[in-house]
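Inspection log for the structure reproduced underneath, given as structure tokens.
Residue numbers (our numbering): 7 to 227.
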């Protein structure tokens with residue numbers, strides 16, 4: 007007479023149920039503190055069944071990272087309409103990013119905090135997700151540059167750097183927004199849009215900021 011009921015259901019459905027529970031526990035407890043007993047209890051299954059489906063705690067955590075990374079990337083891509091102006095595309099992408107991370111705080115904790123602090127191969131899974139988002143943002147910036155100029159003078163390395171900076175800022179801001187009561191996804195997106203678009207807009211309009219030239223110190227006579 008076990009306390010856990012294991013009603014028969016398709017394996018794929020049961021596995022998603024386990025992953026839902028694991029994301030919740032990993033996100034709130036942390037990878038090291040999370041217990042397989044608690045994950046099984048929240049999922050409504052026995053611990054042996056969790057091991058049968060997902061082999062080990064490490065494999066379970068990896069499966070959580072992969073699922074949540076794919077969901078975040080899909081949400082960002084789906085949120086951007088290709089037929090709107092460049093600033094609207096960036097706004098929609100940021101809005102989708104912050105909405106998803108706000109709606110799934112445990113998943114964001116798994117991706118942003120837990121996976122990155124427990125070494126390989128977990129960090130590599132998150133890096134792959136991040137690289138995909140950076141590549142997508144790079145294309146948004148390039149599209150904006152093409153919209154502003156027929157032949158934009160934006161070096162590829164500079165655009166990649168801008169995308170890296172923007173994604174890094176979005177990641178930090180999402181963590182802050184989730185930890186700060188009263189901050190909505192829309193407010194977070196508007197904050198970053200205001201921070202980033204003024205500079206990107208000038209850059210795309212051919213008005214980049216340039217550092218002042220260093221003055222030569224006079225030579226001693």
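For each residue, glycine too, the CB sits at the ideal point set by N, CA and C.
Quiz item: Which residues in the same chain as residue 170 place their Cβ atom closer than 7 Å to its Cβ, once the five residues preceding and following it in sequence are excluded?
Solution: Numbered from its first residue, the chain shown carries residue 170 at position 164. Hits under 7 Å: 140.
Practice problem: Would you kindly work out how many angstroms separate the C-alpha atoms of residue 119 and residue 36, rounded to a whole number? | Solution: Position 113 of the chain shown, counting from 1, holds the residue named residue 119. Position 30 of the chain shown, counting from 1, holds the residue named residue 36. Each residue's Cα considered, the two are about 9 Å apart.
Quiz prompt | Nearest-angstrom Cα separation, counted from residue 115 out to residue 166 | solution = Reading the chain shown from its first residue, position 160 is the one you call residue 166. Reading the chain shown from its first residue, position 109 is the one you call residue 115. As the crow flies, the alpha-carbon of residue 166 is around 26 Å from that of residue 115.
Quiz item: Which of helix, strand or coil does DSSP assign to residue 216?
Solution: The count along the chain shown starts at 1 and reaches residue 216 at position 210. Three-state DSSP puts residue 216 in coil, outside helix and strand.
Quiz item: Roughly how many angstroms separate the alpha carbons of residue 51 and residue 29, rounded to a whole number?
Solution: The residue you call residue 51 lines up with position 45 of the chain shown. The residue you call residue 29 lines up with position 23 of the chain shown. Those two C-alpha atoms are separated by around 15 Å.
Self-check item: Backbone CA spacing between residue 7 and residue 39 [nearest angstrom]
Solution: On the chain shown, position 1 is the one that residue 7 refers to. On the chain shown, position 33 is the one that residue 39 refers to. At residue 7, the pLDDT of 39 sits below 50, so the modelled position is not reliable and the matter cannot be decided from this model.
Practice problem: State the CB to CB distance for the pair residue 135 and residue 75, rounded to an integer number of angstroms; the pair is presumed to be in contact (CB under 8 Å). | Solution: As a position in the chain shown, residue 135 is number 129, starting the count at 1. As a position in the chain shown, residue 75 is number 69, starting the count at 1. Sure, about 4 Å apart at Cβ, within 8 Å.
Quiz item: Which residues in the same chain as residue 197 place their Cβ atom closer than 7 Å to its Cβ, once the five residues preceding and following it in sequence are excluded?
Solution: Translated into the one-based positions of the chain shown, residue 197 becomes position 191. Cβ neighbours of residue 197 beyond the five flanking positions: 179.
Quiz item: For residue 20, is the classification buried or exposed, using 16 other Cβ atoms within 10 angstroms of its Cβ as the cut-off for buried?
Solution: Taking the first residue of the chain shown as position 1, residue 20 is located at position 14. Buried.
Quiz item: For residue 164, which option in 191, 206 and 195 has the closest C-alpha, if you only look at C-alpha atoms?
Solution: Here the question's residue 164 lines up with position 158 in the chain shown. Looking at the Cα atoms, 206 is the closest of the given residues.
Practice problem: Using beta-carbon positions only, say whether residue 172 and residue 202 come within less than 8 Å of one another. | Solution: Taking the chain shown and counting its residues from 1, the one referred to as residue 172 is at position 166. Taking the chain shown and counting its residues from 1, the one referred to as residue 202 is at position 196. The answer is yes: Cβ separation under 8 Å.
Practice problem: Check the C-beta distance from residue 113 over to residue 183 and give it rounded, since I have them as a contact under 8 Å. | Solution: Against the chain shown, residue 113 aligns to sequence position 107. Against the chain shown, residue 183 aligns to sequence position 177. Taking C-beta atoms under 8 Å as the contact rule, residue 113 and residue 183 fail to qualify, at a distance of about 15 Å.
Quiz prompt | Proximal residues to residue 105 (C-beta, below 6 Å), its chain only, five neighbours per side dropped | solution = For the purposes of this step, residue 105 is identified with residue 99 of the chain shown, where counting begins at 1. For residue 105, same chain residues with a beta-carbon under 6 Å away, outside a window of 5 residues either side, are 191 in chain order.
Practice problem: Note the first and the last residue of the continuous alpha helix (DSSP H) segment covering residue 107. | Solution: By one-based count along the chain shown, residue 107 stands at place 101. 92-109 is the span of the alpha helix (DSSP H), which, as asked, contains residue 107.
Exercise. Could you name the residues of the same chain whose beta carbon sits closer than 8 Å to that of residue 98, not counting the 5 residues immediately before and after it, in chain order?
Key: For the purposes of this step, residue 98 is taken as the residue at position 92 of the chain shown. Same-chain partners within the cutoff: 85, 86, 87 and 90.
Quiz item: Skipping 5 residues on each side, what residues in its chain have a beta carbon closer than 6 Å to that of residue 78?
Solution: Against the chain shown, residue 78 aligns to sequence position 72. Hits under 6 Å: 106.
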